[in-house]
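Report on one structure; see the data block that follows.
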Amino acid sequence: MKLKHVTALLCAAAMSIALGTNARADDKVVKIGVILPMSGGTASIGAHAKAALEVATDIINNAHPELGNLPLAKNAGLAGLGGAKIEVVIADNQGNPATGQNQALRLITEDKVAAVFGAYQSGITLTSSAIAEKYGIPYLNSESVAANLTERGFKWFFRTTPIATDFAKAYVDFLADMKAAGAKTDAIALVHDNTEYGTSVANTIAGAFKEKGQPVALDVAYPVNATDLQGQVLQLKDKKPDVIIMISYTSDAILFAKTMQSLDYKPAILLADDAGYSDPSFIKAVGKISQGVFNRSSWSVGPSGSPSAIIADMYKKKSGEEMDDTVGRQMQGFFVLADAIDRAGSTDPAKIQVALKATDLKPEQLMMGYKGVKFDDKGQNVLASGLIIQLQDGENYTAVWPKANAVKAPVLPYKGW
Amino acid sequence: MSFVLVQVIVGGLLLGAVYALFSSGLTLVWGMMNIVNFAHGDFVMLGMYVAYVVYTLMGGGPILGAPLATLVLATVGVVVYFALIRDIMKGPMLAQILGTFGLALLLRYSVFWWFGANFLSMPPNIVGGTYAFAGLRIEASRLLAGVVALLVTLGLHLLLTRTSLGSKMLAVAEDQTAAQLMGIRPDTMQAIAWAIAAGATGLAGALIANFFYIVPTVGETLGIVAFVTVSLGGFGSVPGALVAGLLIGVIESLSGYLIGAIYKDIVVYVLFLLFLWFRPQGLMGKA
Amino acid sequence: MRRWIWLTVVAALAIAYPLLLSSPFQQRLGALVLLYAIAASAWNIVGGYAGQVSVGHVVFFGCGAYAAMGSYAKFGLSPLFGIPGGIVIAVGLAAIIGVPTLRLSGHYFSMATIAVAETMRLIVTNTDWLGAAVGLSGPTVPRNVFDLSFLSSLPYYYLFLLVLVITLFITWWMTNSRMGFYLRAIKDSERAARSLGAPASRTKLYAYMLSAALTSVSGALYAMMFGFVDPESGLGILISVKILIMAALGGAGLLFGPLVGAAILVPLEEISNSWLGGKGAGLTFVVYGAIIVLIARFQPGGLLSLFTGRKKSKSDTGAGHAP
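Residue numbers (the working numbering), protein chains in the order written: chain U, 1 to 417; chain F, 418 to 704; chain W, 705 to 1027.
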């Protein structure tokens, strides 16, 4: 008796799968599959990225001569493919490596995307790019920093973002400059969560300082999404380091700022490693009590009328948020991918792969402050770089280092509230 | 050094009081109705959003937000009771987990759908700044939450032990059929219990919102703390939840300061397991 | 006789499914259904039949997943070698966890299993040798067939089908043995079972260990298919809940309950994600949550109980009201 119904249910389940349609790629449309966290704890990242990619698609698909040297902006569509339009197919990775991989498979085999773009969390980038590698589909990553991603011998994986080793070096140089300017930078404390992002970045930074003969004085690790951070702040208050480097997601970054205020603790220099500190929500929530925090970024708005300022404007109109570094890196990565498809003149994966390998974009062709985009054999962008920005007024970050890119001089010490 | 320790302990006690505050609702329904409410953390989240909406629409701090959050959540509690809990209570424990977990997703992502995924926050110092006594610093918003926690615990305890409503509720918890024979309507009593529990949870959310961040998934973080607090305190024991909350708060604070924060949760869980070994009914639960 | 006919039909359908619906995504969906069915069926032995609602089964799942990835990442062996290793670790761990916790009743047992699982997750997160928060990866470019890293989901599908059949057979055999008889007695009333001479503690422990071993296998298979495990995806409490929900939704304590639960929830999750996930409005989980709530509300004993006449299952899991 019961088996009959089991069968019925199985059939029903199977039918529902069968109904999923197999869309054929239109000649005039180039589909790019995008994997992002659209739900779960990091969903705000996905929401911002979605708006950014809509802006990027608008720039590519319509004529935007005002954007100057930016590839694909001048004319409508991809010239290399007879004016074909880009279409973005977004999939939710739910913050889960398995879901990310399933969705990569769906994008590749059901939606027949020409390339895959994603996936924010390093672990999900790892599993989803493995599928793309097996299918021989180009995969472009613009924001995951785990070093091992480009150490797997993959041939279809490309990464545009600077990684931990790049910005660890920037921190060392920045602090050396601050020291030369008279600041005390001897005792450095690393504060990081216990996620893959927090631990791997902390290790890299610690290594970079050790190499310079200045080992990190204090390492404070805490569980991600902490309910309370008083113990950590008190520990810092107790040990009085000169410099604190913060590696935190938005939730903990907000809680740290609030706890530091309530316990009246201000280090001389507070240097944040992107992530939570770049989230516009962070600035809205606690920017006013985090004045003077330094942050890593490859994004700088630039003077009004410049391409980056125009893009920032378009993004703000779309999302209601200020453009930040994470979103900027995602947009930049997407442009690099679109540019390669354009130069390939085809949606053939092998041709796109060749074009990606031949990528050689100059700084003036970019919206981000990279020195350019050029991939090594492992697929890592060797010209990726960043600058240091400071939240001087508690509302907007301004570029303060290196001098060549600085809009204002860095202000010391950390002001707080 | 020792002075910092005092600050750590005081901070831990205040944190613990907050844990107790948002756990009291859970222990009430858990103990009275044997319901494992997996959506509890999301009730706290709803309370936080009510407070936030009240703040953005009407301004004003916890004086306006807290009572409204209590009312709204009490209503939600009654609705949830009649729409879902009353029926799944009759089923096996698994059905309760299934139902309340589904409810948790439903609440969490309905809020997500409406408010988006961005982190929100009340303006700093909405309750008043930070008090400093001889170098000891206490945030007004946390102090308020701590004081309310004590009052709510006391209130719930008195309600259950000293009022006829409380006796009726306990009678229903003890033996439904017998209570019914004595002219008590189990439905009404349990709906009231849900209203009280959810109301207290909403109050907790509104007060926590003053010093925490607000995001749809915040219930996940807070829910598990509530579970541990309630089990350690003994299911159904309101004073137990207070003692357990304070204990966990101080342990977390101390272990976070002394041996590293990433181990503080391990300390709490191991302690909880050891405790179960010696006293399976919890701190103040009945044997 | 009818029973056997239907069994044959189901088996034939299960074997033919990936050939009838042969797109890569459909095949993978099929494989995922079977994978979760294995995990949920394994949980069913202790959660359904013995009535001990473990919410920490992910510990055993993680044993298998880490053993499989570890044998590749740490020793350069095929992940297959991790399966026996994972079973040994899981069974050992089950004995260590089970002896003190199985004497707890109802909610306390559930809470204790959650605490154990969270402790394990935190320990692994802070253990560098196990990859800490970064996790362990499997072979992305397979060296040979024993690395079990395939492009197509077809080999996984049939492998999982085989393991599921074995799991269900073991469960069926157990329910018809003396052990199954004891378990049913314990589930109805542990006190009565004890007074009738059933070795309650030992039986529960054996069921727990058996369940742990099979759960560990599902974890190993999971890690092989995705080629990766980290503390969140191998030891996260959400996986426990997911396994439990599948079993409960289909019908806990019924042989085919977990399979039915998996066959509904896995496609529901993946397809609703495919349709709604990209919009980023959280609608996937609104739908998912609503369906779970509706089933719990109207069919608290699980969907299969609709057909088996056990609608009002009074065999509460030791957590019900005092009679």
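Cβ atoms here follow ideal geometry from the backbone N, Cα and C, with glycine treated the same way.
Just so it is clear, the structure is predicted and the values come from calculations on it, not from any experiment.
Straight-line Cα distance separating residue j from residue i
i, j, result
"PRO846/W", "GLY519/F", "39 Å"
"SER251/U", "LYS891/W", "43 Å"
"GLY416/U", "ALA268/U", "10 Å"
"SER278/U", "GLY95/U", "20 Å"
"GLY662/F", "LYS258/U", "22 Å"
"SER248/U", "TYR414/U", "18 Å"
"ARG296/U", "ALA816/W", "43 Å"
"MET883/W", "ARG906/W", "10 Å"
"VAL497/F", "TRP447/F", "15 Å"
"PRO65/U", "TRP530/F", "37 Å"
"VAL411/U", "GLY394/U", "13 Å"
"GLN121/U", "ALA338/U", "22 Å"
"GLY650/F", "LEU852/W", "48 Å"
"LYS403/U", "ILE163/U", "22 Å"
"TRP708/W", "GLU87/U", "51 Å"
"ASP348/U", "GLY68/U", "29 Å"
"ALA399/U", "TYR370/U", "14 Å"
"GLY464/F", "ARG559/F", "16 Å"
"ALA309/U", "ALA275/U", "22 Å"
"PHE536/F", "GLN390/U", "21 Å"
"PRO971/W", "PRO97/U", "17 Å"
"LEU1055/W", "TYR721/W", "Nothing can be reported for residue 1055/W, as the shown portion of chain W is limited to 705 through 1027."
"SER346/U", "GLY839/W", "37 Å"
Anticipated Cβ contact below 8 Å, residue i with residue j, distance rounded
i, j, result
"VAL642/F", "TYR436/F", "6 Å"
"TYR912/W", "ALA771/W", "That pair is no contact at about 19 Å."
"PHE154/U", "GLY386/U", "The Cβ separation is near 24 Å, so there is no contact."
"PHE850/W", "SER782/W", "4 Å"
"ALA189/U", "ALA217/U", "6 Å"
"ILE471/U", "GLN261/U", "Here chain U has residues from 1 to 417 only, and residue 471/U is not among them."
Cross-chain neighbours of residue i in chain F, by beta carbon under 7 Å
i, result
"VAL945/W", "PHE518"
"PRO804/W", "TRP694"
"ARG1001/W", "LEU501, ASP504, ILE505 and GLY516"
"ALA272/U", "In chain order: nothing, as chain F lies at least about 15 Å away."
Any C-beta of chain B under 8 Å from that of residue i
i, result
"ILE289/U", "Protein chains U, F and W are contained in the structure displayed, whereas chain B is not."
Contact set between residue i and chain W, taken where Cβ atoms lie within less than 7 Å
i, result
"GLU133/U", "THR844"
"ASN96/U", "SER937"
"ARG106/U", "PHE729 and SER978"
Proximal residues of chain W, C-beta to C-beta of residue i below 9 Å
i, result
"ARG152/U", "SER841, THR844 and VAL845"
Neighbouring residues, chain W, relative to residue i (Cβ below 8 Å)
i, result
"ARG329/U", "Chain W residues near ARG329/U: none, gap ~19 Å exceeds 8 Å."
"ASN75/U", "Correct list: empty, because the minimum Cβ distance to chain W is about 28 Å."
"ALA91/U", "ASN977, SER978, GLY981 and GLY982"
Chain-ordered neighbours of residue i on chain F, where CB pairs are closer than 9 Å
i, result
"TYR414/U", "Result: empty, since nearest Cβ-Cβ is about 16 Å, beyond 9 Å."
Partner residues on chain U for residue i, Cβ-Cβ distance less than 7 Å
i, result
"SER899/W", "Within chain U, no residue comes near SER899/W; the closest Cβ sits about 33 Å away, beyond 7 Å."
"GLY931/W", "THR127 and ALA130"
"PHE765/W", "Near PHE765/W there are no residues of chain U at all, since even the closest Cβ is about 12 Å away, more than 7 Å."
Cross-chain neighbours of residue i in chain U, by beta carbon under 9 Å
i, result
"TYR466/F", "Going along chain U, no residue has its Cβ under 9 Å from TYR466/F, so there is no contact; the nearest lies around 15 Å."
Interface residues of chain F facing residue i [CB-CB closer than 8 Å]
i, result
"ASP264/U", "THR547, ALA549 and ARG554"
Chain-ordered chain U contacts of residue i [CB-CB under 8 Å]
i, result
"THR919/W", "Under the 8 Å cutoff, chain U gives no residues; its nearest Cβ is about 16 Å from THR919/W."
Any residues in the region 821-840 of chain W with a beta carbon nearer than 8 Å to a beta carbon of chain F? Which ones, in chain order? Under the 8 Å Cβ criterion, the region 821-840 of chain W contributes GLU822, THR823, LEU826, ILE827, THR829 and ASN830.
I'd like the ranges of any beta strand (DSSP E) spanning at least 3 consecutive residues and lying wholly in the region 218-271 of chain U. Listed in chain order, the complete beta strand (DSSP E) runs (minimum 3 residues) inside the region 218-271 of chain U are 218-222 and 243-247.
Listed in chain order, which residues of the region 563-574 of chain F have Cβ atoms closer than 8 Å to some Cβ of chain U? Answer set for the region 563-574 of chain F: empty.
Proximal residues, the region 233-245 of chain U versus chain F, C-beta separation under 8 Å: Result list: LEU234, GLN235, LYS237 and ASP238.
When Cβ atoms are compared, which residues of the region 855-877 of chain W fall closer than 7 Å to chain U? Within the region 855-877 of chain W, the residues whose Cβ lies closer than 7 Å to some Cβ of chain U are LEU855, listed in chain order.
Which parts of the region 119-168 of chain U are runs of the beta strand (DSSP E), unbroken and 3 residues or longer, counting only runs that do not cross its ends? List check, beta strand (DSSP E) in window: 139-141 and 157-159.
Chain U contacts made by the region 673-684 of chain F, where a contact means CB separation under 7 Å: Cβ contacts with chain U: GLY673, TYR674, GLY677, ALA678, ILE679 and ASP682.
May I have a chain-ordered list of the alpha helix (DSSP H) segments no shorter than 4 residues that lie completely inside the region 722-788 of chain W? Fully enclosed alpha helix (DSSP H) runs of 4 or longer: 728-748 and 762-777.
Short-range partners of chain W found in the region 633-648 of chain F, where Cβ spacing is below 8 Å: Going along the region 633-648 of chain F in chain order, one finds PRO633, ILE641, PHE644, VAL645 and SER648 with a Cβ nearer than 8 Å to chain W.
Taking only runs of the alpha helix (DSSP H) that begin and end inside the region 904-943 of chain W, which ones reach a length of at least 4 residues, in chain order? Fully enclosed alpha helix (DSSP H) runs of 4 or longer: 904-930 and 935-939.
What residues in the region 598-611 of chain F bring their beta carbon closer than 8 Å to a beta carbon of chain W? The region 598-611 of chain F vs chain W, Cβ under 8 Å: nothing.
Determine which residues of the region 647-662 of chain F have a Cβ less than 7 Å from any Cβ of chain W, and write them out in chain order. Within the region 647-662 of chain F, contact with chain W at the beta-carbon level (separation under 7 Å) is assigned to SER648 and PHE652.
Quick one: which residues of the region 718-729 of chain W get their C-beta closer than 9 Å to a C-beta of chain U? List them in chain order. Those residues of the region 718-729 of chain W that come within reach of chain U (Cβ to Cβ, closer than 9 Å) are ALA718, TYR721, LEU724, LEU725, SER727, PRO728 and PHE729.
Listed from N- to C-terminal order along the chain, which residues in the region 220-234 of chain U have their beta-carbon within a distance smaller than 9 Å of any beta-carbon of chain F? Result list: VAL220, ALA221, TYR222, PRO223, ASN225, ALA226, THR227, ASP228, LEU229, GLN230, GLY231, GLN232 and LEU234.
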